[in-house]
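Residue numbers for the sequence shown follow UniProt numbering, beginning at 1 and rising by one. A virtual CB, placed ideally from N, CA and C, is assigned to each residue, including glycine. Being a predicted model, the structure only gives us computed values, none of them experimental.
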Amino acid sequence: LDKIQEGRNKKAAINTSRTRAEKAKAQAEYTEVNKQVKRSIRTDKRKYVGDLATTAEKAAKEGNMRQLYDTTKKLSGNHRKPERPVKSKEGKVITNIEEQRDRWVEHFKELLNIIRNSYDGLNCKIVHGGQLTDSFEIKTGVR
């Protein structure tokens, strides 16, 4: 991360340089730092893929099909699990799984309460001799 920040600083130096000589020098420094960043990204990616491969091998030996499946999906590059962070009402990210579940319960209670309250003020015409159809009762929970 330090190298990435250093690269950003070098890029800013290129944009703020006044003379051609300064700009050429800053460009050379930026190119060198950028090469180092790309090289470290490649090595980190190799390490990550290697770790995933060993995890997949371990899961296959243990017969853990769920972990093997997930790891294989990650290795194939089709990893599209939508894992967005759960946030509290204040906008802070919740990392604890139990707290995330509690937040989801709270969210859906509020959502269903809004729906339930929206039926309170309805003025409905009585149709079918005062009998509501079963499908209406089931879908809305209102009689």
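It is roughly 23 angstroms from the alpha-carbon of D44 to the alpha-carbon of K10. Looking from the CA of K73, the closest CA among A53, S40, A26 belongs to A53. Within its own chain, the residues whose Cβ lies closer than 7 angstroms to the Cβ of E29, once the five positions on either side in sequence are excluded, are K10, listed in chain order. Taking all protein chains in view, the Cβ of V105 is surrounded by fewer than 16 other Cβ atoms within 10 Å, so the residue is classified as exposed. Membership of K35 in the alpha helix (DSSP H) is indicated by the continuous run 20–62.
Its chain contains V86, S88, I94 as the residues whose beta carbon lies nearer than 7 angstroms to that of R103, once the 5 sequence neighbours on both sides are disregarded; these appear in chain order.
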